[in-house]
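Accompanying notes for the structure given below.
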Amino acid sequence: MPPESLKTPVWSSFDADWYRARYASELGELAAADSGALEAHYRNEGAARGLSPNKYFDELWYRGAYPDIEEAIRQNGFVSGFDHYSQYGHEDRSPNGLFSEPWYLSRYPDLTRATLDRSGALNGYDHYLRTGDREFRSGSPFFDPQLFYNDSLLAPSPLPDNELHPASSIPETGAFATLLAAPQEADVRRTSWYFDAPWYLETYPAVRKALRDGLFQSALQHFLTNRTPGQFSALPWFSESFYLDLYPDIGEAVAAGNFRSGYEHFVRFGCLERRRPHPEIDLEAYFHSGSVREDIERGLVRDAFAHWISRRETQVQSLPSLDQGEYEHLAACRAEALIALLARRPLDFSFSGTPQLSVVVHVRNRFPQTLAALSALRCTFHKPTELVIVDAGSRDDTARIEQFIIGARVIRLESGATHADAMASALPYLTAQVALWLGQGVQMGHGAVQAALSHFDAVGGSGRKRVGLVTGRAVRPDGRLLEAGAILWRDASLERYLEGAPPETPEACFSREVSCGSTPCLMVDRALLGALNGFDRAYGSPAAAIVDLGLRAAALDAITLYEPEMFASVDIVASEDVTLEASDRATLRSRHAERFLTLPPPAPSLRTRARLGALSRKRILFVEDKVPCRGLGSGFVRSNDIVRAMSRLGHQVTVAPIYSATEPLSKILAEFPSDVEVLNGLELKDFDRLLTERSGVFDCVWVGRTHNLERLAPILLAHAAGLPMNGIVLDTEALDAPRTALRAQLAGEPQSSSVADAVSAELTHAWLCQAVVATSALDASAIRQAGYANVMELGHMQPVRPTPANWTERRDLLFVGAMHETGSPNHDSLVWFIQHVLPLVREASGADIRLTVAGYRGAGVDLSSLGAFPGVELLGAVDDVAPLYASHKIFVAPTRFAGGVPYKVHEAASYGLPVVASDLLCRQLGWRDGLEIVSGPVDDPSRFASRVASLYADEEFWSAVRTGALRALEDENSEKSYTVRLNAILQRVFAASTPQA
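Residue numbers for the sequence shown follow numbering that gives the first Met the number 0, beginning at 0 and rising by one.
Shown next as structure tokens:
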């Protein structure tokens, strides 16, 4: 970017008003002078004396932070630290203790040199002052803008009640700008979890006096600028002496001037490495407790120390628990409040044409609960609804319910009318294809009705039976689960599955076939309901009648499905809803004797098996490093595809991660089919419990990645009696041994063993497995050479979806890949390409070609140095990569060491984006240079750049490679062919596996 397009940096100007106020005592009578005189004073006198020109630059801090500055001023003609910063220091040094240039650019990788140029910012600090501050970005670990803003809002306002709180202007002015305008606020507001101002002032009275004397503007400024940092602690939970004694290497680095203090090292690096800051704090143990790791990976806090401090200061007193009756009373009061509202504006259920849903509500008194249920129904489902209210002799305001509800059919019965009577009287009037049996006080959640209805529209596949009834996830008034489907035992007793558990319990969050539900919230196929003639009058309780309805439907090959998204709140929990009378149980066993013989006896250890209505579907335990969300990349997309394909094939899949998930539950559930059980909170230490609880449940154990088989082998053997030992699959995903050998070769490191020996060592426990799955022919060959004949290939599924943009409508290069850690294959290849190839491409093309980098980035991966290269755009993780594939001209995959098959190459090609890849990846893919892909040698940057430039400039060549890759994908990676290959693997395993149930 031409220099003239850069704006004058915000931090570069002299601020006379600030200078006058800050240095009034030093200026004396000159403080009353005009701006010109004050600026002259600064240039002639103040700069040399260590005064700062404006609030944005701290002269004393700069000289203290960079010991070479004093010498530079003496030897090189710089007037001041600010003079040095203005000429050179702004490129990589920081201007004050509350903004770190390296920290800022590392924390926000989107701030590349190209981004700064477009905004007209000279450096990261200039960008921060212009826009970053108002975007609530953080420029230093010692200033958290969101924390400062929140604390400011909680402070009492000095203004009248009818005026806005002064802190309400912070989003517009910026938290950092607000603090600079009133630096004393740092003494009364929380600016960071790494500094405790009240404790600091209490502990060091001399600092309080220095503030009164005007030597410092705040306790934080004193801490950051004092000349004896080792004598002052930022907070009570860091001990400088303890830290330096425990880690002598850090003491040496401090003595050498590499760090201002041990605490500086701790904040920058030590807390991330979970070093011990204090004798009473073990950050490593704390990191692995509770939700600490999850909170850090979700970005709620930076590290375990900040988490520990924040929880210590924000502990919430637990509220006294209420009994169920008190919660029900509160729900009743809430329902009462609806009466006045609906008296003025009645609920309208009138419609014309054919209704999409028929609803039957059986009521007796409890008028407010009836209104609550129908109000929730109308609010959550707006489509034409046929409402039939059957009143069993109510004596309250139900008698005038027509005044509150328009368009409902009301049927009046005697007070002794049962649920079966109510259904029988309503049945002739139901004209929709699906009916909902809805109880009083049962409030449907958002999207619940539509979620249940969708199952009646779905076409069965893979041998699945048609859905006849749908029951849902019911929640008690206290917010805990009432049931996630019900379990019917062999003795005809009924148990609410997961009663009392949190609603988000993983076992409650997937759909499955069940024997029955028990709550009065049941959706039924109308034709089936008619064929069964509604509820049977032989049963005294509604729960028994609902169970019987489901069993009679099953005899007609119509299943009862549990759908967690059919979410309902139940205001009143009646024990009779689940406790069946002896007479009802006897009737059930008599009428459904054959079915009860197939049910498990009432044993807690059998709950996991009993929760499933039928065992006809094969049950697969799918093990991976993490819950395979697609945004994680690095093989997790492939694992996600495998899980989806298993579900399409009709199998019941349980996903079990070695490391508990950090992604929000809502994101996880959206990544998988609704019938996949995702145990997102599971981790390695829980597998022993899991396999004990689910002994005999699984037909197949699919273990992803060789290192996970190594971890699990002892546990699997310990539970061999309850596992399908002929049904274990090792999915190698990508052999690590060849990749490690290539990495060592590139680094010039000696290899202690051959690749073949390393592969054999990696497959030490593969003898356990009925099948070993490889992602490529190369890996399959290596596994066979290690002595395994039971090898099958399963690469990537990649349906073609070429974007329409042609060669002339596209520009620039694209790199997409997850970088979980520094030095990983994707990270290594990106560094190599940007440093050695991209400059040559830009030079050869004579054009301003840019490289866009997208993909997941681990917390420890710093790309800021790459962002400083011209033409590099760092986007980070993106939700939708399609627009990137549609607008760029070439995808680059310069991987120098890797195993398996590169998913992103397949993905880019599927969108019609030609790929220039390393010769290694071309061999792994089996694609031909110049036909389906363009190959570039990673040992010759010039040649690699030449291949990129030639493809970029030649439309005919570009189109030919695009067409060839799309054709190859259609032949090898379509959804149909992929599913066929996976099914072949599974059928081989199932055939060898001993039936477990």
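Yeah, the Cβ is synthetic: ideal placement off N, Cα and C, and Gly gets one too.
Pairwise C-alpha distance: residue j and residue i
i	j	result
L426	A526	10 Å
Q402	R551	39 Å
L386	E482	26 Å
A544	P345	33 Å
S844	A897	29 Å
R343	I404	11 Å
V997	L452	For residue 997 there is no data in the structure shown, the boundaries of the chain being 0 and 996.
T227	Q220	13 Å
G27	R19	10 Å
P838	R809	20 Å
S168	V300	25 Å
F265	A717	43 Å
G822	G854	15 Å
F671	R688	24 Å
G460	R511	Confidence in G460 is poor, its pLDDT being 49 and thus under 50, which makes the residue's placement unreliable; the coordinate value appears in the next sentence. So the two alpha carbons sit approximately 15 Å from each other.
A733	D674	28 Å
A450	H381	14 Å
A15	A71	27 Å
R48	A209	19 Å
G529	P541	18 Å
V696	P502	24 Å
Residues of its chain near residue i, where Cβ-Cβ distance is below 8 Å and the 5 sequence neighbours each way are ignored
i	result
L965	V799, P801, A908, S909 and G911
L146	R189, T190, S191 and W192
beta-carbon residue i near the ligand GDP non-hydrogen atom, thresh 7 Å
i	result
S514	This structure lacks the ligand GDP, and indeed carries no ligand of any kind.
Enclosing alpha helix (DSSP H) for residue i [first to last residue]
i	result
R594	A592 to L596
A174	A174 to A180
R19	A15 to R21
L299	Careful: L299 lies outside any alpha helix (DSSP H) and carries neither H nor E.
R980	E974 to A991
E969	E954 to E971
D82	G80 to Q86
L329	Q323 to E335
Pick from the options that is closest to residue i, judged by C-alpha positions
i	options	result
L560	L605, R618, H591 and I486	I486
T470	P476, S633, M565 and A897	M565
P627	A765, I657, A46 and V433	I657
A36	F13, Q750, F135 and G392	F13
Y203	N225, Q183 and E732	N225
V877	L829, L981, F814 and L711	F814
D82	R106, D57 and D938	D57
Q769	L729, R112 and A303	L729
L924	F380, Q449, H795 and V979	H795
L531	A554, S85 and S517	A554
S941	L668, V840, W957 and R267	V840
T661	R117, D294, F142 and R267	D294
6 Å Cβ shell around residue i - same chain, five flanking residues per side excluded
i	result
S93	S99 and E100
Q316	The predicted position of Q316 is uncertain, since its pLDDT is 49 and thus under 50; a value taken from the coordinates is nonetheless stated next. So no residue of the chain qualifies.
E676	F509 and T653
A473	L481, E482, T518, A567 and V569
Other residues of its chain near residue i: CB distance less than 7 Å, five sequence neighbours each side excluded
i	result
G229	E239 and S260
I338	P367 and L370
A777	The sequence shown places Leu at residue 777, rather than the Ala named in the question. For L777, where only same-chain residues beyond five positions count, the Cβ hits under 7 Å are R922 and Q923.
C-beta neighbour in chain C for residue i, strict 8 Å
i	result
K617	In the structure shown, chain C does not exist; there is a single protein chain.
Unbroken beta strand (DSSP E) run spanning residue i, endpoints
i	result
A892	I889 to A892
W766	Neither: W766 is in no beta strand (DSSP E) and is coded neither H nor E.
I400	Per DSSP, I400 belongs to no beta strand (DSSP E) and is neither H nor E.
C699	C699 to G703
Practice prompt. Would you mind listing the alpha helix (DSSP H) stretches within the region 220-259 that are 4+ residues and don't spill past its ends, in chain order?
Written response: Taking 4 residues as the shortest admissible run, the region 220-259 contains the following complete alpha helix (DSSP H) segments, listed from N- to C-terminal end: 239-245 and 247-254.
Item to complete: Please list the segments of the alpha helix (DSSP H) lying wholly inside the region 125-156, counting only runs of 4 or more residues, in order along the chain.
Response: If we require 4 residues or more, the alpha helix (DSSP H) runs fully inside the region 125-156 come out as 144-153.
Item to complete: Give, in chain order, every unbroken run of the alpha helix (DSSP H) that is at least 4 residues long and sits entirely within the region 498-560.
Response: As far as the region 498-560 is concerned, its whole alpha helix (DSSP H) runs of at least 4 residues are 525-530 and 541-554.
Practice prompt. Taking only runs that begin and end inside the region 594-666, name each unbroken alpha helix (DSSP H) of 4 or more residues, in chain order.
Written response: Every unbroken stretch of the alpha helix (DSSP H) spanning 4 or more residues and falling wholly within the region 594-666 is given here in chain order: 606-609 and 635-647.
Worksheet entry | Inside the region 13-78 only - alpha helix (DSSP H) runs reaching at least 4 residues | Counting only runs of 4 or more, we get 15-21, 23-26, 34-40, 58-64 and 67-74.
Worksheet item: What runs of the alpha helix (DSSP H), each 4 residues or longer, lie entirely inside the region 360-391?
Response: Whole alpha helix (DSSP H) segments, 4+ residues: 366-379.
Fill in: Complete beta strand (DSSP E) runs within the region 807-894 (minimum length 3 residues, chain order)
Here the runs fully enclosed are 812-815, 850-853, 871-875 and 889-892.
Worksheet entry | Complete runs of the alpha helix (DSSP H) confined to the region 404-487 [at least 4 residues] | For the region 404-487, whole alpha helix (DSSP H) runs of length 4 or above, ordered along the chain, are 418-425 and 447-456.
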